[in-house]
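Written out below as structure tokens is the structure these notes cover.
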Amino acid sequence: GENVEQHPSTLSVQEGDSAVIKCTYSDSASNYFPWYKQELGKRPQLIIDIRSNVGEKKDQRIAVTLNKTAKHFSLHITETQPEDSAVYFCAANDFNKFYFGSGTKLNVKP
Amino acid sequence: GAGVSQSPRYKVAKRGQDVALRCDPISGHVSLFWYQQALGQGPEFLTYFQNEAQLDKSGLPSDRFFAERPEGSVSTLKIQRTQQEDSAVYLCASSQRDTEAFFGQGTRLTVV
């Protein structure tokens, strides 16, 4: 099956700075890569996703890049705000199954 | 309903007790997933249904874990003879094919 690795496990940034979270995957057949945000005690919620036929996608302060050759994808958050503080999970979809990374705890300091 | 619904939200079980966790997916969603999330970790895949067919159960940790979705909608995850290491949040998610997975709020299982 798919193996997704995510780094860093924790990330602390100053409000207004950028944050970057990186993931790698093992199965070249994976074709859909969503990112989820999970606040404490709540369900994971999709914030952005990208398909394998696209190299980059942007939605306001959030962007995702995908390098299929290297099998890695990254989440970029610009102009971070305290409400961005949460745990972020990347995932890879392999034959309709989602495999998740271990999560990155982002702390945005005011 | 508007989203994925799971019940109960919290369950405390004595070691050795059997438990059943329920998931109501979004109406019309073909795919249904169960995940186990330990504290501070990402969701770990348990099993996957497409309609009523259980296509993959490779993530179930032991034969004490059993899942079903007999009519292709509601699903139940059953854990027999619970052990302390089964304590976790059990998340259910549903999706259309190859699209966003929508998660339920999870069931927090504590085995004492």
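If you read the protein sequences in the order shown, they are chains C and G.
Heads up: the first sequence begins at 50 in the working numbering, then just goes up one per residue.
Heads up: the second sequence begins at 4 in the working numbering, then just goes up one per residue.
Positions of the beta carbon are idealized from the N, C-alpha and C atoms, including for glycine.
Should residue i go down as buried or exposed, given a rule of 16 or more other Cβ atoms within 10 Å for buried?
i: C:L89; result: exposed
i: C:Y79; result: It should be pointed out that residue 79 of chain C corresponds to Ser in this sequence rather than to Tyr. It counts as buried.
i: G:P46; result: buried
i: G:V15; result: exposed
i: G:R72; result: buried
i: C:N116; result: exposed
i: G:Q39; result: buried
i: C:G150; result: buried
i: G:L63; result: buried
i: G:L94; result: buried
i: C:D143; result: buried
i: G:Q87; result: exposed
i: C:Y74; result: buried
i: C:S61; result: exposed
i: C:N145; result: buried
i: G:S97; result: buried
i: C:D66; result: exposed
i: G:Y13; result: exposed
Which stretch, first to last residue, makes up the beta strand (DSSP E) that contains residue i?
i: G:R111; result: T110 to V114
i: C:N142; result: A135 to D143
i: C:L124; result: H121 to I126
i: G:D27; result: V22 to D27
i: C:L155; result: T153 to K158
i: C:H56; result: V53 to H56
i: G:K14; result: Y13 to A16
Only counting the same chain, and skipping five residues up and downstream in sequence, which positions put a Cβ closer than 8 Å to that of residue i?
i: C:Q94; result: Y85, K86 and Q87
i: G:H32; result: S97, S98, Q99 and F105
Which same chain residues, not among the five before or five after residue i, have their C-beta less than 6 Å away from its C-beta?
i: G:Q83; result: D21 and R67
i: G:A23; result: T79 and K81
i: C:P159; result: E64 and P131
i: G:G75; result: N54 and E55
i: C:K154; result: T59 and V136
Can you give me the Cβ contacts of residue i inside the same chain, cut-off strictly under 7 Å, excluding the 5 residues immediately before and after it?
i: G:S8; result: D27 and G107
i: C:R110; result: I126, T127 and E128
i: G:D89; result: I82, L112 and V114
i: C:D108; result: I97
Query - Residues of the segment 88-104 of chain C whose Cβ lies closer than 8 Å to any Cβ of chain G, in chain order - result: If the cut-off is 8 Å between Cβ atoms, the segment 88-104 of chain C has K91, R92, P93, Q94, L95 and D98 near chain G.
Query - Contact residues within the segment 46-68 of chain G, judged by C-beta distance below 9 Å to chain C - result: For the segment 46-68 of chain G, the set of positions with a beta-carbon nearer than 9 Å to some beta-carbon of chain C reads P46, E47, F48, Y51, Q53, L58, D59, S61 and G62 in chain order.
Report task. Please list the residues of the segment 70-102 of chain G that have a C-beta atom closer than 9 Å to any C-beta atom in chain C, keeping them in chain order. Result -> So the close ones are L94, A96, S98, R100, D101 and T102.
Requested in this report: Taking only beta carbons into account, state which residues of the segment 19-45 of chain G come closer than 8 Å to chain C, listed in chain order.
Outcome: Residues passing the 8 Å Cβ filter: S34, F36, Y38, G43, Q44 and G45.
Query raised in the report: Going along the segment 138-155 of chain C in order, which residues come within less than 7 Å of chain G, judged by CB to CB distance?
Result: If the cut-off is 7 Å between Cβ atoms, the segment 138-155 of chain C has F138, N142, N145, K146, F147, Y148, F149, G150, S151 and G152 near chain G.
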